[in-house]
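Notes to accompany the following structure.
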Amino acid sequence: MYAAGGVLAVHTERGTSIVPANRVAWTPAGFTHYHRAHGDTDMRIVFLAPSLARLVPDHPAVFLASGLAREVLLALTGPRNYDDAAPGYSRSARARLLRVLVDELREAPEQPLHLPEPRDDRLRAIARKLYGTPGDNATLAELGKAIGASTRTLSRLFRDELGMTFYEWRTQLRIHHALVLLADGHDTIHTAHACGWANPSSFITAFTHIIGTTPGRYRAGRRTGAPASQTPATAGRYEGY
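Each residue of the sequence shown is one higher than the last, beginning at 1 in full-length UniProt numbering.
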């Protein structure tokens with residue numbers, strides 16, 4: 001799955017991954033999942049035959065989208081695949097493009113904007129609260145007091161179960177929420193405050209570190225290596241093999 005414009009949230013039993021326009025999401029066969037588009041999203045989906053699917057990870061993954069991978073995805077889901085007036089790709093040409101895509105994904109670093117789903121009831125209680133109010137600046141001690149758990153216990157659970165600290169997890173949650181707000185047209189200042197940052201500059205620093213571009217550039221669609229003029233305005237292209 002690729003969002004040529006907008007942002008996708010992909011949910012599996014392992015948690016939620018946010019897929020902005022500089023990432024590609026891969027979900028293997030056998031993983032129950034659903035996705036949600038935020039903002040004016042141009043979603044592209046390509047299906048891989050088992051012979052190619054075996055060459056990429058056997059778990060859900062999110063990759064940094066190279067310029068070549070992006071162009072191949074757009075080609076595989078573009079007008080030549082659904083417009084009778086346009087000359088279509090031959091079967092051999094489509095096969096070559098798919099192999100190029102798979103080769104690019106095999107070389108691409110996994111860069112998930114992943115929010116693991118807690119299993120422990122105490123972590124789930126904290127997650128439910130912060131999902132609804134990501135701008136809440138309560139400390140872990142304050143959150144623990146509300147649910148009857150110590151800071152030490154909760155810190156251990158975050159490390160052991162989710163593989164990150166509470167503050168790392170909350171930052172990921174806030175960046176997820178920020179991407180949705182930006183996709184819905186909110187400006188940087190509103191988004192920073194809604195997500196719990198005291199000032200926009202701190203938000204810009206955190207966002208740029210994780211996403212690779214500033215909120216303003218992301219919102220305007222001027223992604224690094226992906227000029228807005230190259231982003232199609234249509235939505236929902238599918239290609240399967």
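Using N, Cα and C, we set each Cβ at its ideal position, and we do this for glycine too.
How would you label residue i, buried or exposed, when you count the other beta carbons within 10 angstroms and need 16 or more for buried?
i: N137; result: exposed
i: R91; result: exposed
i: F47; result: exposed
i: R119; result: exposed
i: H176; result: buried
i: P134; result: buried
i: H114; result: buried
i: H35; result: buried
In terms of residues, what are the limits of the alpha helix (DSSP H) holding residue i?
i: L74; result: 67-76
i: D187; result: Note, D187: premise wrong, no alpha helix (DSSP H); not H, not E.
i: T205; result: 200-211
i: P215; result: 215-220
Looking only at C-alpha atoms, which of the options sits nearest to residue i?
i: I18; options: L97, T77, P116, S66; result: P116
i: Y218; options: A198, T191, G196, N199; result: T191
i: A108; options: A25, Y131, T32; result: A25
i: A29; options: A206, K145, P60, E13; result: P60
Who are the near neighbours of residue i in its chain, counting only those whose CB is closer than 6 Å to its CB and skipping five residues on each side?
i: A141; result: T151
Ignore the nearest five residues each way along the sequence and tell me which others in residue i's own chain have a CB closer than 8 Å to its CB.
i: G6; result: A21, A37, H38, G39, D40, T41, D42, M43, A183
i: V102; result: L48, L52, L55, V56
Grouping DSSP H, G and I as helix and E and B as strand, with all else coil, what is residue i?
i: residue 249; result: Residue 249 lies beyond the residue range present for the chain, which begins at 1 and ends at 241; the question has no answer from this structure.
i: F63; result: strand
i: L115; result: strand
i: W197; result: coil
i: A178; result: helix
i: V10; result: strand
i: Y167; result: helix
i: V102; result: helix
i: T16; result: strand
Could you spell out where the beta strand (DSSP E) holding residue i opens and where it closes?
i: L123; result: That residue, L123, is in no beta strand (DSSP E); its alpha helix (DSSP H) goes 121-132.
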